[in-house]
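There are 2 protein chains.
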Amino acid sequence: MSTGIDLAVSTVIFALRPGDAGRLVLSIPLVRRTRDPFEGRWSLPGGAADATESLAATAARKLAETTGLAPAYLEQLYCFGAPDRSPSGRVVSVVYWALVRADEAELAAEGENVRWFAADELPQLAFDHNLIVDYALWRLRTKLEYAAIAHAFLGPTFTLAELRQVHEIVLQRALDPANFRRQIESSRSVVPTGEHVTGGRHRPPRLYRYDGSVQLVDNGPLTSVAVR
Amino acid sequence: MSTGIDLAVSTVIFALRPGDAGRLVLSIPLVRRTRDPFEGRWSLPGGAADATESLAATAARKLAETTGLAPAYLEQLYCFGAPDRSPSGRVVSVVYWALVRADEAELAAEGENVRWFAADELPQLAFDHNLIVDYALWRLRTKLEYAAIAHAFLGPTFTLAELRQVHEIVLQRALDPANFRRQIESSRSVVPTGEHVTGGRHRPPRLYRYDGSVQLVDNGPLTSVAVR
DNA sequence: TCAAAAGTGTTGGATATACACCCATGT
DNA sequence: ACATGGGTGTATATCCAACACTTTTGA
Chain A
493 MSTGIDLAVS TVIFALRPGD AGRLVLSIPL VRRTRDPFEG RWSLPGGAAD
543 ATESLAATAA RKLAETTGLA PAYLEQLYCF GAPDRSPSGR VVSVVYWALV
593 RADEAELAAE GENVRWFAAD ELPQLAFDHN LIVDYALWRL RTKLEYAAIA
643 HAFLGPTFTL AELRQVHEIV LQRALDPANF RRQIESSRSV VPTGEHVTGG
693 RHRPPRLYRY DGSVQLVDNG PLTSVAVR
Chain H
493 MSTGIDLAVS TVIFALRPGD AGRLVLSIPL VRRTRDPFEG RWSLPGGAAD
543 ATESLAATAA RKLAETTGLA PAYLEQLYCF GAPDRSPSGR VVSVVYWALV
593 RADEAELAAE GENVRWFAAD ELPQLAFDHN LIVDYALWRL RTKLEYAAIA
643 HAFLGPTFTL AELRQVHEIV LQRALDPANF RRQIESSRSV VPTGEHVTGG
693 RHRPPRLYRY DGSVQLVDNG PLTSVAVR
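Residue numbers (the numbering used here), protein chains in the order written: chain A, 493 to 720; chain H, 493 to 720.
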């Protein structure tokens, strides 16, 4: 049987990258379309679904092919299938969202047709991709408040101040350091490494690492997504 | 372009139906497969995606064609696309979950190949449909705790005791009537009609109706799903 | 000694839970 | 009158946000 519907896989990729004043900015890599429809417009990285791969594997592969990135977190966002979302025919897109570490994002191949944009300053994108990014942003902000995913933006070890900064940038508001510490500690999502960071003009903070032994992302009966 | 992938739409339908001791039971209608693969096994209602319809419209139509039901609530659950989920070739299924009213469920066409099952007593289903139902159950129970969707199981007007019973059956635990009342009242999701139900051997309870003017299901930037 | 950020302690307000108690009806 | 569930009041526990305060380093 053939349904006459094209199946595509796309991904909204989030990373924290240095911006104007040296501050980190929540950013998204986009690719420029080189053919109709929407030739010249920026769009989410993706492509046709592969008949032999899992959908998540296709998302990760397309992500790597276009940007050179490997995600620390990858989760399905939504399946978009409005009949009129592509002028060239019916396309159903399974969209994923991903988090990549800051050091990883530095290495991302940027060029004529691949560029990073601040998540809240996007141009008009191809297809319904502006709506998709808005939804992914909403999901990221919502999920950050109840699931331990912020560490996916950081390296294997980090201070609580760094973790708090991730939350502050994504949620766009200041957080009380004392209450943030208690919140994270009670979630048992991180464990102290015993080491400290020296060199700052202040008391050396403890280093923590993500504790993979506890289930931090509750997706119910679905097998947990890739987190490293 | 052709991906060699079949796109299907299926739906997990929930309703509260009278069970053994006259008590309401959370139930799901299933259809018996009449051909390979999994001939004879029970499965979720659904079928091939339609090239001209929206995915939600296809879900609602297939739902009506097989069971005669119209959903009071319909929302996308997940897109299942593991390469080995169908032995007959690659099938990607966009799965929706739906709530139907009790009076509506009474009228459902039941027959040799369509039957209702208690949600927690399902046989071994075709494909990965057991996993899908487990996930839908998890989503229903999770969402019931923070979104006003329980009224979709009831008629246009209802008492708070009826609404509480819906919560108790779905969540499988008793709820304090006093605290439940306050919780619902503070959510502003229902308004009293001014009428009362007489005939019981007790104080006549007020009737309420769902207040559609407030946004009760927060799906972020996505257009809200059908609720009636 | 001072500035700066790490980290701890404390308090008041809001919210949730348990449960006592009154209300209104049919029998 | 009384049984039954509707509906209200209230005390307690728990959680959360605000903020004062102590600690430890580099300069």
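Note that the Cβ used here is the ideal one computed from N, Cα and C, for glycine as well. All values reported here derive from a predicted model rather than from experimental measurement.
What is the residue span of the beta strand (DSSP E) that E613/H lies within?
Run containing E613/H: none; DSSP gives neither H nor E here.
Taking Cβ positions only, does W589/H come closer than 9 Å to chain A?
Not an interface residue.
Quick one, which of V592/A, E567/A, D498/A and D528/A has its alpha-carbon nearest V658/A's?
V592/A
Using a Cβ-Cβ cut-off of less than 8 Å, list which residues of the stretch 541 to 572 of chain A approach chain H; keep chain order.
A541, D542, A543, T544, E545, S546, L547, Q568, Y570 and C571
Tell me whether E654/H is buried or exposed, calling it buried when 16 or more other Cβ atoms sit within 10 Å of its Cβ.
buried
Output needed for E660/A: all residues of its chain with C-beta closer than 8 Å, excluding positions within five of it in sequence on either side, in chain order.
A666 and L667
What is the DSSP secondary structure of I505/H, reduced to helix, strand or coil?
Three-state result, I505/H: strand.
Pick helix, strand or coil for H621/H, following the three-state DSSP scheme.
helix
Would N605/H pass as a contact of T526/H if the rule is Cβ separation under 9 Å?
Yes.
If we count the other Cβ atoms within 10 Å of its Cβ and call it buried at 16 or more, is Q568/A buried or exposed?
buried
Establish whether the CB of T526/A and some CB of chain H are separated by less than 9 Å.
It does not; no Cβ of chain H falls within 9 Å.
Between the Cα of F506/H and the Cα atoms of A549/H, Y638/H and F609/H, which residue gives the shortest distance?
Ranking the options by Cα distance to F506/H, first place goes to F609/H.
Is the CB-CB distance between Y702/A and P684/A below 9 Å?
no
Write down the C-beta distance between V587/H and T503/H rounded to the nearest angstrom, noting that I regard them as a contact closer than 8 Å.
7 Å
Does Q657/A have its Cβ less than 9 Å from a Cβ in chain H?
no
Might you give, ordered along the chain, the residues of its own chain that have their beta carbon closer than 6 Å to the beta carbon of I624/A, omitting 5 neighbours on each side?
V587
List the residues of chain H whose Cβ lies closer than 7 Å to the Cβ of Y627/A, in chain order.
The answer, in chain order, is G712, P713 and L714.
Within the 9 Å Cβ cut-off, does L599/H reach chain A?
no
Among D528/H, R533/H, F530/H and P537/H, which residue has its Cα nearest to the Cα of I520/H?
Looking at the Cα atoms, P537/H is the closest of the given residues.
List, in order along the chain, the chain H residues whose C-beta lies closer than 8 Å to that of I497/A?
L499, A541 and A543
Ignoring anything shorter than 3 residues or poking outside the stretch 647 to 695 of chain H, list the beta strand (DSSP E) runs there in chain order.
Here the runs fully enclosed are 682 to 688.
Which residue's Cα is closest to the Cα of A540/A: R533/A, T550/A and G532/A?
T550/A
Of all Cβ atoms in chain H, is any one closer than 9 Å to the Cβ of P575/A?
yes
Name the one or two DSSP bridge partners that P521/A has.
W608/A
Can you find the residues in the same chain that come closer than 6 Å, C-beta to C-beta, to S585/A, ignoring five residues on each side of it along the sequence?
Once the five neighbours on either side are set aside, the close Cβ partners of S585/A are A500, S502 and F572.
So with Cβ pairs under 9 Å, would you call L623/A a contact of chain H?
yes
Determine, using beta carbons only, whether W630/A comes closer than 9 Å to chain H.
yes
Would S705/H be called buried (16 or more neighbouring beta carbons within 10 Å of its own) or exposed?
exposed
So, with DSSP's three-state summary, where would you put E598/A?
Here E598/A sits in helix by DSSP.
Which whole-angstrom value is the C-beta distance of S535/H and L629/H, which I expect to be below 8 Å?
Their Cβ separation, rounded to whole angstroms, is 16 Å, which puts S535/H and L629/H out of contact at 8 Å.
Helix or strand or just coil, what does DSSP make of A549/A?
helix
From the beta carbon of R582/A, is the nearest beta carbon of chain H less than 9 Å away?
Interface residue, yes.
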